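The next block holds one structure in the form of structure tokens; read it before the comments.
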Amino acid sequence: MAQEQRRLVLHQAQVGPMANFVYLIGDPVTRKAAVVDPAWDVDKIIKWAERYGMEIEHILITHYHPDHLGGSMMGMTVEGTARMLERVKAKVYVNKEEAEGTRKVAGLSDSDLVKMDAGDTLKVGNLTITFLHTPGHTPGSQCFLVEGNLVSGDTLFVNSCGRVDLPGSDPEAMYYSLNRTLRSLPDTTVVYPGHAYSPEPSTTIGAQKRTNMYLRFPNLDEFLDAMGHSRR
Ligand SMILES: [Zn+2]
């Protein structure tokens, strides 16, 4: 999956044994880029950026699980952001709710991190990336919106959504992230998920409104029932 338009470079690559997607988001004029969720094989990701003539200046993290960030958690250790920082000069953009967790899991120092809030933006060359806070899978899950494209991490997958049965997950927050924050985006928004869990590598918000059951529950209670978390 590759897009090189007049205003935007957006590339998707699959890495590691958990079908993770890494993204390169860049400005086609200045060739400056942000990498999203660089884990599993940092050398390969750097070579990939070089092949497209892009210079990685920023690291964006959708959430602090090691399959996206790198590092160690729940007995799992993955190469990732810490190694990337040995190779490129960059800051790591995380949601403020997850800054402390990110630091611990990846073994980073506080000065490596930029703590982002809902609606904050980042300039990459001439591009502007907007950060959406979408808690549910984790407290600080975030999605990145750029030129009508949404990099959705483990919040929204093609026809499914991220798990909400993990430590720190919140099914009610997931309901609102999906059905308010993401559902309010234009139908034409192209969605690039955090894992290749479907034969389709991307989708649109409009298509997901029609085919993704997690965007089709009429209310929170029915969503929670389906998730096995009904409220008393
Ligand atoms: Zn994941």
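Note that this note's numbering has the sequence shown beginning at 12, numbered continuously upward.
No residue lacks a Cβ here, since even glycine has one placed at the ideal position from N, Cα and C.
Because the structure is a prediction, the values reported are computed rather than measured.
For Thr41 and Leu80, believed in contact at Cβ under 8 Å, the rounded distance: Not a contact, Cβ separation roughly 26 Å.
For Val162 and Gly147, the rounded distance between their alpha carbons: Spanning the two alpha carbons is a distance of roughly 16 Å.
Extent of the continuous beta strand (DSSP E) to which Gly37 belongs: Gly37 -> beta strand (DSSP E) spans 31-37.
Given 8 Å, three or more beta-carbon pairs between the segment 120-132 and the segment 161-180: Between the segment 120-132 and the segment 161-180, the count of Cβ pairs shorter than 8 Å is below three; the stretches do not touch.
DSSP bridge partner residues for Asn190 (one or two, in chain order): Beta-bridge pairing links Asn190 to no other residue.
Distance CB(Thr73)-CB(Gly179) smaller than 8 Å: Not in contact: Thr73 and Gly179 (Cβ atoms no closer than 8 Å).
Residues surrounding ligand 1 [beta-carbon distance to nearest heavy atom under 6 Å]: Chain-ordered, the residues whose CB falls short of 6 Å from any heavy atom of ligand 1 come out as His76, Asp78, His79, Asp165, Gly205, His206.
Those runs of the beta strand (DSSP E) which lie wholly inside the segment 52-110 and span at least 3 residues: Whole beta strand (DSSP E) segments, 3+ residues: 66-71, 82-84, 87-89, 102-106.
Identity of the residues DSSP links to Lys43 by a beta bridge: Per DSSP, the beta bridge partners of Lys43 are Glu66.
Span of the beta strand (DSSP E) around Leu177: Segment: none, Leu177 is in no beta strand (DSSP E) and carries neither H nor E.
C-beta contact flag for Gln23 and Asn31 at 8 Å: At the C-beta level, Gln23 and Asn31 stay beyond 8 Å of one another.
Sub-8 Å separation of Val103 and Ala44 beta-carbons: No, these two residues do not count as a Cβ contact at 8 Å.
Cβ-Cβ distance between Pro49 and Ile70 below 8 Å: Yes, Cβ-Cβ distance for Pro49 and Ile70 is below 8 Å.
Run of the alpha helix (DSSP H) containing Phe155, from where it starts to where it stops: For Phe155, no alpha helix (DSSP H) run applies; the uninterrupted beta strand (DSSP E) run containing it begins and ends at 153-157, by DSSP.
C-beta contact flag for Val299 and Gln219 at 8 Å: Only positions 12 to 243 of the chain appear in the structure, and residue 299 is not among them; the question remains open.
Span separating the alpha-carbon of Glu61 from that of Pro39: Using only the alpha carbons, I get a separation of about 13 Å.
Identity of the residue in Met85, Met29, Arg98, Met224 nearest Val53 by Cα: Of Met85, Met29, Arg98, Met224, the residue nearest in Cα terms is Arg98.
Alpha carbon of Gln153 to alpha carbon of Glu108, nearest angstrom: For Gln153 and Glu108, the gap between their C-alpha atoms comes out near 10 Å.
N-terminal and C-terminal residue of the beta strand (DSSP E) that Gln23 is part of: Boundaries of the beta strand (DSSP E) harbouring Gln23: 20-26, taken from the DSSP string.
N- and C-terminal bounds of the beta strand (DSSP E) containing Leu161: Counting along the chain, the beta strand (DSSP E) containing Leu161 begins and ends at 160-164.
Host beta strand (DSSP E) of Gly132 (start-end): The sequence shown places Thr at residue 132, rather than the Gly named in the question. Looking at the DSSP string, the run of the beta strand (DSSP E) that includes Thr132 is 132-135.
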